[in-house]
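Asks: Going line by line, the protein sequences match chains A and B.
According to this note's numbering, the stretch in the first sequence is residues 145 to 494, in order.
According to this note's numbering, the stretch in the second sequence is residues 2 to 295, in order.
Please read through the structure below; I'll follow up with questions.
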Amino acid sequence: MASVEIRDVKKSYASLPVIHGVSFDIRDGEFVSLVGPSGCGKSTLLRMLAGLEEISDGAIRIGGTVVNDVPPKDRDIAMVFQNYALYPHMTVAENMAFSLKLKKAGREEIGDKVGRAARILNLEKLLDRYPRQLSGGQRQRVAMGRAIVRDPEVFLFDEPLSNLDAKLRVSMRAESKALQKRLGTTTVYVTHDQVEAMTMADRIVVMRNGVIEQIGAPLELYDRPANLFVAGFIGSPAMNILEGRAEAGGIRIGDLLLPAEMATQTLSGKSVLYGIRPEHVAIDDSGAPAEVIVTEPTGSETQLVVRMAGQELTCAFRERIAAMPGDIIRLVFDGRQAHLFDKESGTRLP
Amino acid sequence: MTGPTPNTVLPAAPPGRVRRRRLTGSQSLCEIALAGALVIFTAPILWMILLTFQTDRAIISMSWEFQFTVQNILAILSPDEPFRTQTLNSIAIVAGTVILCGIASTLAGYSLSRLRMNRWLKYLVAGSCAILPLLPPMALVPGFYVTLIQTGLLGSLTGLILLNTILNLPFATLLMKIGFDEIPPALQEAASIDGASDLRTFTTIMLPLVAPSLITTSLITAIMTWNEFLMGLTMTSGGTTSPLSVGIASLVQPYEVRWGQLAAIGSLAVVPIMIISLVASKRIIAGMTRGAVK
């Protein structure tokens with residue numbers, strides 16, 4: 145196991161910069177998820193960590209050693225690819241044993257390690273099969289088995305669950321997390337699925353356009369997003385953002401005065417964006433009127449899209465709501481859970 | 002929607018009986034057209050094989066008659082005739098060309114597909130590969146002739162193997178490049194992370210996966226070389242030094258055409274290629290990369 149340090153790492157293709165100097169540390173044994181929309185540079189960063197892309201500037205250290213010019217095979221890492229990249233002409237056992245054979249490990253050692261990985265991943269009955277004879281979930285396990293047998297310093301995962309169907313993804317998510325905890329190997333996990341990142345990672349690095357927007361524990365990101373982007377990206381359904389003006393008692397949006405715990409006194413008169421998560425809105429007769437536009441019952445909760453003071457927002461209720469489109473309901477906001485953002489820069493206001 | 006659970010194996014296709022589907026009008030028309038095409042393509046070959054077992058008299062007779070004989074085959078196989086040697090020459094030239102062209106095109110195709118080279122150099126080489134086969138081979142004869150004289154290879158099998166390799170290499174390289182292009186780059190990256198050197202990745206990962214393309218390329222090279230006539234004619238002095246394709250043409254004399262022997266030797270020349278094609282087609286369609294991704 146090893147720690148990873150990423151220091152002011154940049155990447156450009158020809159003259160086009162795609163990563164603009166990112167820095168963060170990953171502790172020994174930590175599970176860190178890189179998350180962000182397509183094209184944010186998360187996969188490129190992972191590939192630079194793996195040695196599959198050159199680093200234009202900055203330094204990456206694995207276990208304290210700068211690896212910028214170290215080839216992938218000498219970095220002591222293992223990677224699970226999005227499309228698994230299993231060798232199609234080799235059996236499951238041969239796929240898992242390939243790296244050990246290259247290390248010139250003895251037949252007994254190879255047998256032991258492959259057997260152990262197969263037991264961990266429940267692949268014992270499939271060792272003689274070829275990748276084409278396996279289901280998606282089984283292929284994903286073989287790809288993980290190939291990584292495990294190497295007993296690497298760092299695991300790198302590049303959206304390994306994105307090719308699986310929703311149900312299998314949830315079960316593989318739990319399995320992968322349990323496995324990482326059991327092995328205690330430092331892990332970097334790239335995904336565009338914020339739910340995957342929230343449920344699996346010890347810490348999340350949110351990226352956009354080649355820069356880090358925020359680093360933190362999953363709930364820290366959820367509870368205190370550093371800016372509008374993180375506020376909108378983390379959480380499903382996304383946080384509602386309403387335009388308003390700060391006043392002494394709260395945030396004025398049209399005729400409404402929404403409660404906010406923050407020091408609205410100091411911001412008084414300033415145009416701000418008021419953020420409230422769908423689950424922090426409640427129905428109450430003392431609340432402000434809102435017109436129901438769409439109702440989305442999911443069984444476990446009911447989501448409503450409503451129009452309030454000329455702006456649309458989504459609300460989620462644990463209880464079943466019998467409202468129909470066109471109905472008027474009354475909503476109250478939990479001021480302790482509200483977030484304020486600067487209108488120009490989008491950064492969080494204290 | 003539920004997917005396969007992690008521990009289940011994908012089920013095989015049910016072994017139910019295949020029911021004959023009913024043909025619509027347009028499908029029937031297509032099948033008739035295909036049957037017609039089959040007759041048009043195979044009739045000359047079948048006719049040639051039939052003539053192999055006919056006497057010359059029966060062949061040139063104005064009326065339909067069939068006099069069975071194996072004389073034509075015995076004649077072309079007799080030690081007095083050069084055809085046995087010419088067949089062996091052709092086999093040697095094809096074998097040499099397929100091996101040489103296979104090695105060169107595999108390495109070139111891999112380089113074009115996977116190595117980080119200057120983009121313009123890549124375009125230039127790939128463009129040349131596409132344009133060179135369009136040149137009329139006759140235009141190349143003088144240059145080749147002088148080169149073979151100077152290297153002492155004129156009239157030799159080695160010379161013909163080299164020329165056939167040169168003529169087939171551009172197209173073979175393009176085919177191999179396409180073959181390498183189809184292999185997901187992630188496999189190469191996975192191998193490099195697993196600890197394989199470039200050479201090891203090439204031999205243990207890329208080469209087995211590109212085998213179907215190599216077989217296709219070799220088959221096409223073999224057919225082209227087996228049928229090659231111009232270089233065989235101009236770079237050898239005829240008789241036992243030339244390949245079979247030139248030998249066949251020698252049966253057409255100004256005052257006599259030995260139709261029976263011509264058909265016999267034609268059949269001899271066509272049948273091996275037909276067998277190779279039938280056997281190899283299964284391998285080509287095998288699709289070894291299935292299951293590599295997703």
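Built from N, CA and C at the ideal position, the CB exists for glycine as well.
Since this is a predicted model, take the numbers as computed values, not measurements.
Can you find at least 3 beta carbon pairs, one from the segment 196-203 of chain A and one from the segment 257-265 of chain A, that sit closer than 8 angstroms?
Replies: no
Asks: Quick check on DSSP: helix, strand or coil for G297 of chain B?
Replies: What is shown of chain B runs 2 to 295, which leaves residue 297 of chain B out entirely.
Asks: Which of the three DSSP states is assigned to D256 of chain A in this structure?
Replies: Along the first sequence, one-based indexing puts residue 256 of chain A at 112. Residue state, collapsed to three classes: helix.
Asks: Going along the chain, which residues of the segment 410-429 of chain A sit with their C-beta nearer than 9 angstroms to a C-beta in chain B?
Replies: none
Asks: When Cβ atoms are compared, which residues of the segment 165-190 of chain B fall closer than 7 angstroms to chain A?
Replies: P185, A187, L188, E190
Asks: What does a CB cutoff of less than 6 angstroms around F175 of chain A pick up in its chain, not counting 5 residues either side in sequence?
Replies: Against the first sequence, residue 175 of chain A aligns to sequence position 31. Result list for F175 of chain A: Q324, T331, A345, D346, in chain order.
Asks: In angstroms, rounded to a whole number, what distance separates the CA positions of M240 of chain A and R290 of chain A?
Replies: Position 96 of the first sequence, counted from the first residue, corresponds to residue 240 of chain A. Position 146 of the first sequence, counted from the first residue, corresponds to residue 290 of chain A. Going by the C-alpha atoms only, they are around 4 angstroms apart.
Asks: Which residues mark the beginning and the end of the beta strand (DSSP E) in which K154 of chain A is found?
Replies: As a working mapping, residue 154 of chain A is identified with position 10 in the first sequence. Looking at the DSSP string, the run of the beta strand (DSSP E) that includes K154 of chain A is 148-157.
Asks: For R259 of chain B, which of helix, strand or coil comes out of DSSP?
Replies: Here residue 259 of chain B refers to the residue found at position 258 of the second sequence. Reduced to three states, the DSSP call for R259 of chain B is coil.
Asks: Spatial neighbours of V425 of chain A within its chain, please: CB distance less than 7 angstroms, with the 5 preceding and 5 following residues excluded, ordered by chain position.
Replies: The sequence position of residue 425 of chain A within the first sequence is 281, counting from 1. Result list for V425 of chain A: C459, L475, F477, in chain order.
Asks: Determine, for D195 of chain B, whether the minimum Cβ-Cβ distance to residues of chain E falls below 7 angstroms.
Replies: The structure shown has no chain E; the protein chains it does contain are A and B.
Asks: Could you list the residues in the segment 191-223 of chain B with a C-beta less than 9 angstroms from some C-beta on chain A, going in chain order?
Replies: A191, A192, S193, I194, D195, G196, A197, S198, R201, T205, I206, P209, L210, A212
Asks: Mind checking who T330 of chain A pairs with in its DSSP beta bridge?
Replies: Position 186 of the first sequence, counting from 1, holds the residue named residue 330 of chain A. Note: T330 of chain A sits in a beta bridge opposite A:V298.
Asks: For F225 of chain A, which residues in chain B fall below 8 angstroms Cβ to Cβ?
Replies: Walking along the first sequence from the start, residue 225 of chain A turns up at place 81. Ordered by position in chain B, the residues that pass the 8 angstroms Cβ test against F225 of chain A are A187, E190, A191.
Asks: Considering only residues of the segment 389-442 of chain A, which uninterrupted beta strand (DSSP E) runs meet the minimum length of 3 residues and lie entirely inside it, listed in chain order?
Replies: The qualifying runs are 394-397, 400-402, 415-420, 425-441.
Asks: Can you check whether the CB of P296 of chain A is closer than 7 angstroms to the CB of V224 of chain A?
Replies: What you label residue 224 of chain A is simply residue 80 of the first sequence in a count that begins at 1. What you label residue 296 of chain A is simply residue 152 of the first sequence in a count that begins at 1. No.
Asks: With DSSP as the reference, identify every bridge partner of L484 of chain A, one or two as the case may be.
Replies: Mapped onto the first sequence, residue 484 of chain A falls at position 340. Note: L484 of chain A sits in a beta bridge opposite A:Y418.
Asks: How about T53 of chain B and A265 of chain B: are their beta carbons less than 7 angstroms apart?
Replies: Indexing the second sequence from 1 puts residue 53 of chain B at position 52. Indexing the second sequence from 1 puts residue 265 of chain B at position 264. For T53 of chain B and A265 of chain B, yes; Cβs fall inside 7 angstroms.
Asks: From the beta carbon of S243 of chain A, is the nearest beta carbon of chain B less than 7 angstroms away?
Replies: Your numbering for residue 243 of chain A matches position 99 in the first sequence. Cβ-Cβ to chain B under 7 angstroms: yes for S243 of chain A.
Asks: Count the other CB atoms, across all protein chains shown, that sit within 10 Å of the CB of P12 of chain B; report buried if there are 16 or more and exposed otherwise.
Replies: Within the second sequence, residue 12 of chain B is the residue found at index 11, counting from 1. Any answer about P12 of chain B is weak, because its pLDDT of 49 lies below 50 and its placement is not dependable; what the coordinates show is given next. Exposed.
Asks: Is L270 of chain A near I254 of chain A, with beta carbons less than 7 angstroms apart?
Replies: One-based indexing of the first sequence puts residue 270 of chain A at position 126. One-based indexing of the first sequence puts residue 254 of chain A at position 110. No, the Cβ-Cβ distance between L270 of chain A and I254 of chain A is not below 7 angstroms.
Asks: Indicate the three-state DSSP secondary structure (helix, strand or coil) for D272 of chain A in the structure shown.
Replies: Position 128 of the first sequence holds residue 272 of chain A. Three-state result, D272 of chain A: coil.
Asks: By DSSP, does E197 of chain A sit in helix, in strand, or in coil?
Replies: Working through the first sequence from its first residue, we reach residue 197 of chain A at position 53. Residue state, collapsed to three classes: coil.
Asks: Let me check understanding here. Comparing Cα to Cα, which of B:I224, B:M118, B:E183 lies closest to L168 of chain B?
Replies: Position 167 of the second sequence holds residue 168 of chain B. The shortest C-alpha separation from L168 of chain B is found at B:I224.
Asks: Taking only three categories from DSSP, how would you classify R290 of chain A?
Replies: On the first sequence, residue 290 of chain A is found 146 positions in, with the first residue counted as 1. Here R290 of chain A sits in helix by DSSP.
Asks: Does the distance from the C-beta atom of F242 of chain A to that of D195 of chain B stay below 7 angstroms?
Replies: Taking the first sequence and counting its residues from 1, one reaches residue 242 of chain A at position 98. Taking the second sequence and counting its residues from 1, one reaches residue 195 of chain B at position 194. Yes, the Cβ-Cβ distance between F242 of chain A and D195 of chain B is below 7 angstroms.
Asks: Would you list the residues sitting across from N371 of chain A in a DSSP beta bridge?
Replies: On the first sequence, position 227 is the one that residue 371 of chain A refers to. A:T491, per the DSSP bridge assignment.
Asks: For R58 of chain B and A96 of chain B, what's the separation of their Cα atoms in angstroms?
Replies: What you label residue 58 of chain B is simply residue 57 of the second sequence in a count that begins at 1. What you label residue 96 of chain B is simply residue 95 of the second sequence in a count that begins at 1. Taking the straight line joining both Cα atoms gives about 38 angstroms.
Asks: In terms of residues, what are the limits of the beta strand (DSSP E) holding P161 of chain A?
Replies: Your numbering for residue 161 of chain A matches position 17 in the first sequence. Start and end: 160-170.
Asks: Given a limit of 7 angstroms on CB to CB distance, which residues of the segment 373-403 of chain A reach chain B?
Replies: none
Asks: With a 10 Å radius around its C-beta and 16 neighbouring C-beta atoms as the bar for buried, classify L484 of chain A as buried or exposed.
Replies: Against the first sequence, residue 484 of chain A aligns to sequence position 340. L484 of chain A should be labelled buried.
Asks: Out of A:N353, A:P403, A:N384, A:G398, which one is the CA nearest neighbour of A392 of chain A?
Replies: As a first step, residue 392 of chain A is located in the first sequence; it is residue number 248 there, counting from the start. Ranking the options by Cα distance to A392 of chain A, first place goes to A:P403.
Asks: Which term fits R291 of chain B, buried or exposed, when burial requires 16 or more other beta carbons within 10 angstroms of its beta carbon?
Replies: Working through the second sequence from its first residue, we reach residue 291 of chain B at position 290. Because R291 of chain B sits at a pLDDT of 38, beneath the cut-off of 50, its placement in the model cannot be relied upon, and the following sentence gives the value as read from the coordinates. So R291 of chain B ends up on the exposed side.
Asks: For I221 of chain A, go through chain B and note every residue whose CB falls closer than 9 angstroms to its CB, in chain order.
Replies: On the first sequence, position 77 is the one that residue 221 of chain A refers to. Neighbours of I221 of chain A on chain B, chain order: I194.
Asks: I'd like to check one pair, G379 of chain A with Y366 of chain A: are the Cβ atoms closer than 7 angstroms?
Replies: In the first sequence, the residue the question calls residue 366 of chain A occupies position 222. In the first sequence, the residue the question calls residue 379 of chain A occupies position 235. Against a cut-off of 7 angstroms, the Cβ pair of G379 of chain A and Y366 of chain A comes out as a contact.
Asks: Could you check if K247 of chain A is buried or exposed, using at least 16 other CB atoms within 10 Å of its CB as the buried criterion?
Replies: The count along the first sequence starts at 1 and reaches residue 247 of chain A at position 103. When all chains shown are included, K247 of chain A counts as exposed.
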